[in-house]
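*Asks:*
Number of protein chains: 2
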Amino acid sequence: MATRGPYAKGVAKREEILTKALEVIARQGYRKTSTRELASAVGLSEAGLLHYFGSKEKLLEAVLRARDEADVERLGDREDVVGKLVAIVRHNSDVPGLVQLYSTFSAEAGDPQHGAHEYFVERYQRLREGLADGIRARQSDGTISAAADPEKIATLLIALSDGLQIQSQFQPDAEPADVLNHLLALLRPV
Amino acid sequence: MATRGPYAKGVAKREEILTKALEVIARQGYRKTSTRELASAVGLSEAGLLHYFGSKEKLLEAVLRARDEADVERLGDREDVVGKLVAIVRHNSDVPGLVQLYSTFSAEAGDPQHGAHEYFVERYQRLREGLADGIRARQSDGTISAAADPEKIATLLIALSDGLQIQSQFQPDAEPADVLNHLLALLRPV
DNA sequence: GTCTATACCAAGATAGAC
DNA sequence: GTCTATCTTGGTATAGAC
Chain W
0 MATRGPYAKG VAKREEILTK ALEVIARQGY RKTSTRELAS AVGLSEAGLL HYFGSKEKLL
60 EAVLRARDEA DVERLGDRED VVGKLVAIVR HNSDVPGLVQ LYSTFSAEAG DPQHGAHEYF
120 VERYQRLREG LADGIRARQS DGTISAAADP EKIATLLIAL SDGLQIQSQF QPDAEPADVL
180 NHLLALLRPV
Chain H
0 MATRGPYAKG VAKREEILTK ALEVIARQGY RKTSTRELAS AVGLSEAGLL HYFGSKEKLL
60 EAVLRARDEA DVERLGDRED VVGKLVAIVR HNSDVPGLVQ LYSTFSAEAG DPQHGAHEYF
120 VERYQRLREG LADGIRARQS DGTISAAADP EKIATLLIAL SDGLQIQSQF QPDAEPADVL
180 NHLLALLRPV
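One line per chain: the protein sequences are W and H, in this order. Just so we're aligned: 87 in numbering that gives the first Met the number 0 is position 88 of the first sequence, and the numbers increase by one with no gaps anywhere. Just so we're aligned: 38 in numbering that gives the first Met the number 0 is position 39 of the second sequence, and the numbers increase by one with no gaps anywhere.
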């Protein structure tokens, strides 16, 4: 009855699936990407693919986790958390399919029954806490007004990033990062 | 060959479908609401329901249009456009299923191929223009700083409302309208 | 009263998750 | 393969313009 954990082969395959899925979804969005298609893209049957992730929902959750990790890897050295957020939002303009996966999936997962609900609960909480610290740091060095409530502004910046990325899909000329920066300028102490 | 337009009966049934759909979706969210269920809720077969709207996508678009109209009816008399937005966000806490329909659908419709893409393009543009006017009005009466760019702040307020409503599904104690009001306080001239 | 577009239904084709 | 979801096809009944 002892569980043995994944073999090296399985770990590699898992990696391959996530990389490929990220690629396919970034290109064509996720609504149009079936498990069937993802399976054949990595040379597996549907059942074979689902063996690794259990369900489509769990696979997509893993894709988003992988993206979060990639963001950390690109920006992990940066001190300024608020600047990090702006950099991520700017970078996301280049991967609309992923942004669409993220926004659709997070909206759907609002339902507590949804398989990825817990993932988002934890993710948003982690982001809020990190950003609140970053905001307090900026208040110390004088780039954000002391009148701002760090927790509320953290919630606000995340919501703003999410909302801007959705809206920009309907207004191709708009640059989400510019709006974020305009707000940060207005939040400077006088 | 000539088109005759809907009969009185059809007009009434269309109304009934929208009202009922709004009710069912507000209660249980849209992910769990099938056309089959909506059809039987109004005493029609699935084909009968689709006869009126052509597709599920178009039906959901009509539901969102109906909600927009209901909001206008509730708040049409109000002068202050920014205050209107806050009131809508506050009211939306009472209809989580509808909020979920709206956010999921708008995220999905980011794909230009999506049937409701055009609807959202027009809706966001209309909202932005109306809000920008409201912001200029507030700048005139001194409740928003003259340093704010009305177009950017309009985009921001819409994005913020959307994002806050998504985030609040993962943080039940949070009240989106409070964060909006905190921002408005910070945007006051000094 | 005739005529035809509208209102609707039964059955099934198709496709996706698992 | 099974189950469930959307949507199509091919039909009948009826509203309502003329």
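For every residue, glycine included, the Cβ atom is placed at its ideal position computed from N, Cα and C. Note that the structure is a prediction, hence the values are computed from the model and not measured.
Along the chain, where does the alpha helix (DSSP H) that runs through residue 60/W open and close?
*Replies:* 55 to 74 is the span of the alpha helix (DSSP H), which, as asked, contains residue 60/W.
*Asks:* What are the boundary residues of the alpha helix (DSSP H) that includes residue 175/W?
*Replies:* 175 to 185
*Asks:* Could you name each continuous alpha helix (DSSP H) segment of 4 residues or more that falls completely within the segment 88 to 116 of chain W, going from the start of the chain to the end?
*Replies:* Listed in chain order, the alpha helix (DSSP H) runs fully inside the segment 88 to 116 of chain W are 95 to 107, counting runs of at least 4 residues.
*Asks:* Give every residue of the same chain whose Cβ lies closer than 8 Å to the Cβ of residue 19/W, excluding the five residues on either side of it in the sequence, and list them in chain order.
*Replies:* 37, 40 and 41
*Asks:* Whose CA, out of 33/W, 156/W and 168/W, lies closest to the CA of residue 112/H?
*Replies:* 168/W
*Asks:* Report yes or no: do three or more beta-carbon pairs, one from the segment 74 to 87 of chain H and one from the segment 16 to 30 of chain H, lie closer than 8 Å?
*Replies:* No: fewer than three Cβ pairs fall under 8 Å.
*Asks:* Going by DSSP in three states, residue 147/H sits in which element: helix, strand or coil?
*Replies:* Correct three-state label for residue 147/H: coil.
*Asks:* Keeping to the same chain, check which residues put their C-beta closer than 7 Å to that of residue 17/W; ignore five residues upstream and five downstream.
*Replies:* 61, 62 and 65
*Asks:* By the criterion of Cβ-Cβ separation under 7 Å, what are the contact partners of residue 119/H in chain W?
*Replies:* 169
*Asks:* Determine the direct distance from the alpha carbon of residue 45/H to that of residue 125/W, and round the result to whole angstroms.
*Replies:* Straight-line spacing of the CA atoms in residue 125/W and residue 45/H works out to 44 Å.
*Asks:* Since residue 151/W meets chain H, which of its residues come closer than 9 Å, beta carbon to beta carbon?
*Replies:* 177, 178, 181 and 182
*Asks:* Using C-beta distances below 7 Å, list every residue in its chain close to residue 86/H, excluding the 5 sequence neighbours before and after it, in chain order.
*Replies:* 74
*Asks:* Could you work out which residue in 130/W, 129/W, 104/W and 133/W is closest to residue 119/W when comparing CA atoms only?
*Replies:* 104/W
*Asks:* In whole angstroms, give me the CA-to-CA distance for residue 134/W and residue 81/W.
*Replies:* 7 Å
*Asks:* In or out: residue 1/H buried (at least 16 other Cβ within 10 Å) or exposed?
*Replies:* exposed
*Asks:* Which residues in the same chain as residue 165/W place their Cβ atom closer than 7 Å to its Cβ, once the five residues preceding and following it in sequence are excluded?
*Replies:* 102
*Asks:* Taking the CB atoms as reference points, tell me whether residue 188/W and residue 144/W lie closer together than 8 Å.
*Replies:* yes
*Asks:* Please list, in chain order, the chain H residues whose beta carbon lies closer than 8 Å to that of residue 166/W.
*Replies:* 123, 154, 157, 158 and 161
*Asks:* What separation, rounded to the nearest whole angstrom, lies between the Cα atoms of residue 137/W and residue 183/W?
*Replies:* Each residue's Cα considered, the two are about 11 Å apart.
*Asks:* What residue does the alpha helix (DSSP H) around residue 18/H start on, and which one ends it?
*Replies:* Note, residue 18/H: alpha helix (DSSP H), 7 to 27.
*Asks:* At the 8 Å Cβ level, is residue 64/H part of the contact set with chain W, yes or no?
*Replies:* Among the CB atoms of chain W, none fall inside 8 Å of the CB of residue 64/H.
*Asks:* Check each residue of the segment 131 to 152 of chain H: if its Cβ is closer than 9 Å to any Cβ of chain W, include it; give the result in chain order.
*Replies:* 144, 146, 147, 148, 151 and 152
*Asks:* What in chain H is Cβ-close to residue 107/W, meaning under 8 Å?
*Replies:* 30, 99 and 103
*Asks:* Starting from residue 48/W, follow the alpha helix (DSSP H) in both directions and report where the run begins and ends.
*Replies:* Residue 48/W -> alpha helix (DSSP H) spans 45 to 52.
*Asks:* What number of angstroms, rounded off, separates the C-alpha of residue 193/W from the C-alpha of residue 186/W?
*Replies:* Examination of residue 193/W is not possible in this model, given that chain W is present from 0 through 189 alone.
*Asks:* In chain W, what lies closer than 9 Å to residue 173/H by C-beta?
*Replies:* Neighbours of residue 173/H on chain W, chain order: 154.
*Asks:* Let me confirm a value: residue 8/H is counted as buried when at least 16 other C-beta atoms fall within 10 Å, else exposed. Which label applies?
*Replies:* exposed
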